[in-house]
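Undergrad: Residue 196 in the numbering used here sits at position 196 of the sequence shown; the count goes up by one each step and never skips.
A virtual CB, placed ideally from N, CA and C, is assigned to each residue, including glycine.
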Amino acid sequence: MLNFLPAPLKGVLVVLLILLNTIIFLPFLLLFAIIKLVIPVTAVRKVCTVIVNGIAWYWIGFNNTLVKLFHKVEWDVRGAQELSRKHWYFVTCNHQSWTDIPAIQYVLNSKTPLLKFFLKKQLIWVPLLGVAWWALDFPYMHRHTKEQIAKRPELKGKDIAATRAACEKFRYTPVTIFNFMEGTRFTPEKQARQNSPYKNLLKPRAGGTAFVFGAMGEMIHTMLDVTIVYPNGKPGIWDYLCGRVDKIIIDIRTREVPERFLGMDYEGNRELRVDFQRWISEIWAEKDARIEELKAGG
Numbered sequence: 001m002l003n004f005l006p007a008p009l010k011g012v013l014v015v016l017l018i019l020l021n022t023i024i025f026l027p028f029l030l031l032f033a034i035i036k037l038v039i040p041v042t043a044v045r046k047v048c049t050v051i052v053n054g055i056a057w058y059w060i061g062f063n064n065t066l067v068k069l070f071h072k073v074e075w076d077v078r079g080a081q082e083l084s085r086k087h088w089y090f091v092t093c094n095h096q097s098w099t100d101i102p103a104i105q106y107v108l109n110s111k112t113p114l115l116k117f118f119l120k121k122q123l124i125w126v127p128l129l130g131v132a133w134w135a136l137d138f139p140y141m142h143r144h145t146k147e148q149i150a151k152r153p154e155l156k157g158k159d160i161a162a163t164r165a166a167c168e169k170f171r172y173t174p175v176t177i178f179n180f181m182e183g184t185r186f187t188p189e190k191q192a193r194q195n196s197p198y199k200n201l202l203k204p205r206a207g208g209t210a211f212v213f214g215a216m217g218e219m220i221h222t223m224l225d226v227t228i229v230y231p232n233g234k235p236g237i238w239d240y241l242c243g244r245v246d247k248i249i250i251d252i253r254t255r256e257v258p259e260r261f262l263g264m265d266y267e268g269n270r271e272l273r274v275d276f277q278r279w280i281s282e283i284w285a286e287k288d289a290r291i292e293e294l295k296a297g298g
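What follows is the structure in structure tokens.
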């Protein structure tokens, strides 16, 4: 509707409206987060969880509405028809730009449970955001280094056990865990530095994904393999906010995770670890070929 406005003006207006949206919703989210924190009653915490998830869902929904209002993006979305908000998912995607996150939220916000990320446990101390993430049930990882485990062998296996216990709440509440398996945005320089065997991708980091399946394998057994392509060139987040992105292709492949990887001991079982890395490499090779096909208009 407002796509006729100059691009910089659209960008400024969208940023201001997102900030206004945040200022309106954040106090309510923090209020129910504090109630959830100080009243350790299961029924109260469940109600607060539903409310804060709803607040986050509406916050994302409003931002998506801004895209429809200010921008004219051709969304070519494939494979989203059978998704459900009543199902548990693990989502991974190739990472090219900060635009990837709002683009994926635009497509998945009404089709899957709220996207959540594994966070380092130290982030819980971030002012305001730490308690907000906790209230939204973002799972905090407990990871010990190899050096720590070497000094204290009794720590082996404690990471998975602690995270699995923290994720017990998801047993009865569907969740979508999101992870960029490349770990960072793709650039030709990073590709060359890694000596990546893929034309359009960095090497995948299988460890983080294995950690999710090891901790949550009883709940999450479906992977959404998302491939995102910008046919007219990789945009920056400011380009997206200004409406300079005219087409986005999002291809979603639903994959059932092989049973042998669910609840696995990734660090302790070398044979299984090699097998899992091989499986991820095969997925990445397919994704690399799919990007080439999508770029060519396939």
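Could you tell me the alpha carbon to alpha carbon distance between residue 345 and residue 103, rounded to whole angstroms?
TA: Since the displayed the chain opens at 1 and closes at 298, residue 345 lies outside it and no answer follows.
Undergrad: Taking buried to mean at least 16 other C-beta atoms within 10 Å of its own C-beta, is residue 65 buried or exposed?
TA: Exposed is the call here.
Undergrad: Which residue marks the beginning of the alpha helix (DSSP H) containing residue 176, and which one marks its end?
TA: Taken as a continuous stretch (DSSP letters only), residue 176 belongs to no alpha helix (DSSP H), being part of the beta strand (DSSP E) at 176 to 179.
Undergrad: For residue 140, list the residues DSSP reports as bridge partners.
TA: The partner list for residue 140 (beta bridge, DSSP) reads 119.
Undergrad: Looking only at C-alpha atoms, which of 110, 1, 51 sits nearest to residue 86?
TA: Closest option to residue 86, Cα to Cα, is 110.
Undergrad: Just verifying my parser: in three-state terms, what is the DSSP assignment at residue 169?
TA: Helix at residue 169.
Undergrad: Do the segment 211 to 229 and the segment 42 to 49 meet, that is, are 3 or more Cβ pairs less than 8 Å apart?
TA: The segment 211 to 229 is not in contact with the segment 42 to 49.
Undergrad: What does the alpha-carbon distance come out to for the pair residue 276 and residue 205?
TA: Distance between the alpha carbons of residue 276 and residue 205: 11 Å.
Undergrad: Rounding to the nearest angstrom, what Cα-Cα distance links residue 108 and residue 233 in this structure?
TA: Cα-Cα distance, rounded: 23 Å.
Undergrad: Rounded to the nearest angstrom, what separates residue 77 and residue 227 at their Cα positions?
TA: Distance between the alpha carbons of residue 77 and residue 227: 10 Å.
Undergrad: Could you check the C-alpha separation between residue 199 and residue 285 for me, to the nearest Å?
TA: Roughly 9 Å separates the two Cα atoms.
Undergrad: Can you tell me the Cβ-Cβ gap for residue 229 and residue 295, rounded? I've got them flagged as a contact below 8 Å.
TA: Sure, about 6 Å apart at Cβ, within 8 Å.
Undergrad: Taking DSSP as the reference, what is the three-state secondary structure of residue 75?
TA: Reduced to three states, the DSSP call for residue 75 is strand.
Undergrad: Helix or strand or just coil, what does DSSP make of residue 48?
TA: It is helical.
Undergrad: Any idea which residues DSSP pairs residue 4 with across the strands?
TA: Answer is none; residue 4 lacks a bridge partner.
Undergrad: Buried or exposed, going by whether 16 or more other CB atoms sit within 10 Å of the CB of residue 133?
TA: It counts as buried.
Undergrad: Looking only at its own chain, which residues have a Cβ that is under 6 Å from the Cβ of residue 290, when we skip the five neighbours before and after it?
TA: Contacts found: 227.
Undergrad: On the three-state DSSP scale, how would you describe residue 91?
TA: Strand, per DSSP.
Undergrad: List the residues that DSSP assigns as beta-bridge partners of residue 303.
TA: Not covered by the structure: residue 303. The range shown for the chain is 1 to 298.
Undergrad: So, with DSSP's three-state summary, where would you put residue 255?
TA: Residue 255: strand per DSSP, three-state reduction.
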